[in-house]
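S.K.: Sharing a structure, written as structure tokens. Questions coming.
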Amino acid sequence: MGVVGAGGAGFPAEVKAASKAEYVLANGAECEPLLHKDFELMKRYPGEIVAGMKRMMESVSASQGRFCLKEKNREAVEAVEPVARKAGIGLTLLGDFYPSGDEYEIVYAATGRLIPPAGIPLQVGCVVNNVETLLNVERAARGEPVTDKFVSISGAVKRPCAFWAPVGTSFADLIAVAGGMTVERAGIFVSGLMMGTLTFDLSGVVTKTTCGLIVLPEDHMLVQRKSRPAQAMAHIGKSACDQCSYCTEFCPRYLLGYDVQPHKVMRTLGFTLSGRENWSQWAELCCACGLCTLYACPEDLYPKEACDQAKADLRAAGIRFVQTKPVRVHPMKEYRRVPQTLLRQRLQVEQYEAPTPFLSAGLQPARVRIPTKQHAGKPATPVVAEGQRVKRGDVIARMNEGELGAFVHASIDGRIARVSASEIEIEA
Ligand code: SF4
Ligand code: SF4
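As structure tokens, then:
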């Protein structure tokens, strides 16, 4: 049925469902500033989400379920609480901090357990699913494959909103639903300001893992910072990092007890002639939350990007750091949490924080471009030919036996206009 992690990871749900665990955690933390799609989903579909969670609990033989969401989202809490309680599922109410949806954070908040370094929740008896994934699990059990994605559109648009969009809909069509942009030239953050990607291409398309779009003026500080070339980021870091170590002191993974020390990774930028093989190991357990670059560093440097590069280079060289010392929560963890309001101020986006009300009118794009890889694993193999007619929900690309991945389905009725190994285009 094509169900994959809808919060961004795209991990095939069937693999998680085939495991055995004590806990199933529903992740409704949604801590990316200006993204509200999970909030709207939890308000609208608490019954289906909880039903999907129960199915997942049965599948993995879990004795306990915890529904994790932010206490400040009162409307979502009020919608979810009675349904969850009736199903014997408890709530874990989270503070309004960034990050709180990271799997390591959420497992610790809900169970007090610490995932082993570089490990996965299953190692401490937990399966974690985004709330939209659980909704998709329930719909899949009723025979409905994943054809649509729930997204919120915010920032410099006329009417911020949240709605279902057929997978493969262009960003231009999504932004049109929100009344269009309020600025002439903009950068588009896909799935978040902190962990998402920046694009200027309106022909990009929504996939099963797109959480939403945040439109910011082209001259906004975040657009400017994110579009700087990696080499320039490294050059600035090399000359300006004063090793104050604020990036490490605020790092959520460091505060949870993992050996992540971005200031030491920045230090390696200074070793001009020694080459990339001398990246330090302290990036390995970084979760790329972006807090060091976009909040902690007083010099506006790029420790997160240095960690990204270090991880990639060390992996390419076949070097993998494994923390051997025990994971111990830092005594200052709770005192160094970053409130969303302060984060929005630091990101200079407070003026764009606005509700994204649910729009029920279905979006009907004239064409969709559906990628064959929207999930962890291998791309799906197209099984349709150009000119063929398809109905919404038909399988258009499938996985071979034993391959990690997910089937891909037509998201609208129409005619196959183009097929390649990476994409299938359907005209309505
Ligand atoms: S916070 Fe900035 S200046 Fe301080 S050590 Fe980290 S990268 Fe360097
Ligand atoms: S991006 Fe920075 S703050 Fe976030 S986990 Fe990595 S090193 Fe820590």
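So the sequence shown is numbered by my numbering: it starts at 590 and just counts up by one. Cβ coordinates follow ideal geometry from the N, Cα and C atoms, glycine included. In this text, all values refer to a predicted model and were calculated from it rather than measured experimentally.
Three-state secondary structure (DSSP) at Tyr924?
M.R.: Residue state, collapsed to three classes: helix.
S.K.: Would you kindly report the start and end of the unbroken beta strand (DSSP E) that includes Glu647?
M.R.: Taken as a continuous stretch (DSSP letters only), Glu647 belongs to no beta strand (DSSP E), being part of the alpha helix (DSSP H) at 635–649.
S.K.: Return yes when at least one heavy atom of ligand 2 lies under 7 Å from the C-beta of Tyr843, else no.
M.R.: Indeed, a heavy atom of ligand 2 lies less than 7 Å from the Cβ.
S.K.: Report all residues from its chain with a CB closer than 7 Å to the CB of Gly966; omit the five preceding and five following residues, and keep chain order.
M.R.: Excluding sequence neighbours, Gly966 sits near Pro601, Glu992, Leu993, Gly994.
S.K.: What would DSSP say about Phe760, mapped onto helix, strand or coil?
M.R.: Three-state result, Phe760: helix.
S.K.: Consult DSSP for Trp753 and reduce its assignment to one of helix, strand or coil.
M.R.: If DSSP states are grouped into helix, strand and coil, Trp753 belongs with the strands.
S.K.: Whose CA, out of Gly785, Val779, Met783, lies closest to the CA of Gly793?
M.R.: The option with the nearest alpha carbon to Gly793 is Val779.
S.K.: Which whole-angstrom value describes the C-beta separation of Arg954 and Lys962, a residue pair presumed to lie in contact below a C-beta threshold of 8 Å?
M.R.: Here the sequence assigns Pro to residue 954, which means Arg is not the residue at that position. At roughly 21 Å, the Cβ-Cβ gap does not stay under 8 Å, so Pro954 and Lys962 are not in contact.
S.K.: Just mark Pro887 as buried or exposed, buried being the case when its beta carbon has 16 or more other beta carbons within 10 Å.
M.R.: So Pro887 ends up on the exposed side.
S.K.: Identify whether Leu624 lies in helix, strand or coil by the three-state DSSP scheme.
M.R.: Here Leu624 sits in coil by DSSP.
S.K.: With DSSP run on the structure shown, which of helix, strand or coil describes Asp831?
M.R.: Looking at Asp831 - three-state DSSP - the assignment turns out to be coil, as it is neither helix nor strand.
S.K.: With three or more beta-carbon pairs closer than 8 Å as the criterion, would you say the region 839–846 touches the region 865–882?
M.R.: Because the criterion of three Cβ pairs below 8 Å is met, the region 839–846 and the region 865–882 touch.
S.K.: Considering Cα atoms alone, identify which of Gln929, Leu805, Gly677 is closest to Lys747.
M.R.: Answer by Cα proximity: Leu805.
S.K.: Quick check: Pro892 and Cys836, are their CB atoms within less than 8 Å of each other?
M.R.: Yes, Cβ-Cβ distance for Pro892 and Cys836 is below 8 Å.
S.K.: Closest to Val766 by C-alpha separation, out of Ala974, Leu948, Val973, would be which residue?
M.R.: Cα-wise, what sits closest to Val766 is Leu948.
S.K.: Could you tell me whether the Cβ atoms of Cys657 and Leu683 are closer together than 8 Å?
M.R.: Cβ distance < 8 Å, so Cys657 and Leu683 count as in contact.
S.K.: Which complete alpha helix (DSSP H) runs does the region 737–824 hold, if anything under 4 residues is left out?
M.R.: Counting only runs of 4 or more, we get 760–766, 810–815.
S.K.: Alpha carbons only, please: which of Ala1006, His998, Ile1005 is nearest the one belonging to Gly732?
M.R.: For the residues Ala1006, His998, Ile1005, the minimum Cα distance to Gly732 belongs to His998.
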